[in-house]
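Residue numbers for the sequence shown follow the numbering used here, beginning at 32 and rising by one. Everything on this sheet refers to the single structure shown next.
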Amino acid sequence: MGKMDRIGFIGLGEMGFPMAKRLCDAGYVVHTAMHSNKQTSLDKIASLREKGAVIERSFPEVMKAVDWVITILPADKEVEEVLLNEEFLNHVNEDTLILDMTSCKAETIEKIGNIYMKKRARVVDAPVSGGITGAEQGTLSIFASGNRSDVDELETVFSILGGKTFYLGLLGKGKAIKSINQMMVAINSLAFIEAYRAALEQGLDLDLVYDVIKQSSGYSNVFDRKFFKLVNRHFDNGFKLSLMRKDLKIALDSSGDMPLPVSRLVYELLLMAKDYDELDYIAVTKLLE
């Protein structure tokens, strides 16, 4: 088996786990490690092992075993803890290619890229959009940045994980556009939640509301995906409110002193909704009830 048939995968969260499964199903031998002692983590590891994954003792052991490693972690802190870990770095060399798909600050991946460059290793930044369904079905939008030849080398991996890959240029630009996308998702979500409540107040048939808006200028992708989750109050599964707040904070922090009044208002509402952090972010509707 060639080295490129083996790939490390670190980050088995709601997005990472189905992505790792797709790589296994496509014929890659995925190397990963225990992420926690929680039962959900144990179950994911067992599922991947059944698909032929190799379970290493630690993240540095993952790096030792392969040349390519994918990371998709909660935020900046976790990315730095993994990729800048001294033992992990000891196994980084000129054959190393890191594909970081985390939603974090551009400056974080730029810092990591500079450190890895000193070891002649390569880093590609490629956060994604499309949610858990996109991760399961391999239809994610991928925002890739870094050296163009490195991005091209990952084309097969991208084709397994996503439906469309965009090349954004220098390392960090993928993180930047992901933060802008998340800004728009958060704003659009609050807009359609308010519209839903207005429709309720005026006694409108919600099925007709959906049909009309879908064919009208108020339509958005997030409206299409989340409207009936909101109507049916299905908040248990989906993109967590805590992660949406984190992503919006990244967008605000990355914009410096630029006035972004709507984004800041939405962020304040998400702060007020901390009691619902583990629920789908549309659970912010509870604040308005």
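Note that the Cβ used here is the ideal one computed from N, Cα and C, for glycine as well. All figures in this text were calculated on a predicted structure; none of them were measured in a lab.
How long is the line joining the alpha carbons of residue i and residue j, rounded to whole angstroms?
i      : j      : result
Asp306 : Glu320 : 14 Å
Thr133 : Val297 : 22 Å
Phe254 : Val243 : 12 Å
Lys271 : Arg179 : 33 Å
Gly203 : Lys150 : 19 Å
Gln233 : Gly194 : 40 Å
Glu81  : Leu291 : 48 Å
Gly287 : Phe197 : 25 Å
Ile143 : Leu130 : 12 Å
Gln213 : Ile103 : 16 Å
Ala166 : Gly47  : 8 Å
Asn263 : Lys317 : 13 Å
Ala96  : Gly44  : 22 Å
Ile191 : Leu235 : 42 Å
Gly58  : Val188 : 11 Å
Ala207 : Thr164 : 23 Å
Met94  : Leu274 : 27 Å
Gly205 : Ser172 : 11 Å
Val61  : Arg53  : 10 Å
Asp308 : Leu300 : 12 Å
Glu112 : Leu79  : 24 Å
Met32  : Gly39  : Since pLDDT at Met32 reaches only 40, below the 50 mark, its modelled position is unreliable, and no value is offered.
Gly200 : Asn121 : 29 Å
Gln70  : Thr127 : 32 Å
Arg295 : Asp36  : 45 Å
Leu239 : Arg228 : 15 Å
Ile146 : Gly269 : 35 Å
Asn116 : Pro91  : 8 Å
Leu185 : Ala226 : 42 Å
Gln168 : Lys260 : 19 Å
Gly161 : Arg256 : 10 Å
His66  : Leu114 : 15 Å
Val123 : Val293 : 43 Å
Ser72  : Val110 : 18 Å
Val315 : Pro49  : 26 Å
Val159 : Thr170 : 10 Å
Asp74  : Asp278 : 28 Å
What are the residues that DSSP puts in a beta bridge with residue i?
i      : result
Ser172 : Ser160, Lys195
Asp311 : Lys271
Val154 : Ile129
Ile38  : Val61
Quick check on the DSSP output: the beta strand (DSSP E) that includes residue i runs from which residue to which?
i      : result
Val60  : 60–64
Thr102 : 99–102
Val85  : 85–87
Cβ of residue i within 8 Å of Cβ of residue j?
i      : j      : result
Glu87  : Ala51  : no
Ile41  : Val100 : yes
Ile1   : Phe266 : What is shown of the chain runs 32 to 320, which leaves residue 1 out entirely.
Ala84  : Cys55  : yes
Val154 : Ala175 : no
Asp107 : Lys136 : yes
Ser210 : Ala282 : yes
Ala230 : Leu237 : yes
Phe223 : Ser248 : no
Arg276 : Leu302 : yes
Glu125 : Ala152 : yes
Please report the residue range of the alpha helix (DSSP H) in which residue i lies.
i      : result
Asn145 : 137–148
Glu92  : 90–96
Thr316 : No alpha helix (DSSP H) holds Thr316; DSSP gives it neither H nor E.
Lys206 : 204–232
Asn121 : 117–121
Pro49  : 47–56
Lys108 : 107–114
Val74  : Per the sequence shown, residue 74 should be read as Asp rather than Val. First-last of the alpha helix (DSSP H) with Asp74: 70–81.
Asp181 : 179–184
Exercise. Enumerated in chain order, which unbroken segments of the alpha helix (DSSP H) with a length of 4 residues or greater are wholly contained in the segment 238–293?
Worked result: You should have 252–262, 272–285.
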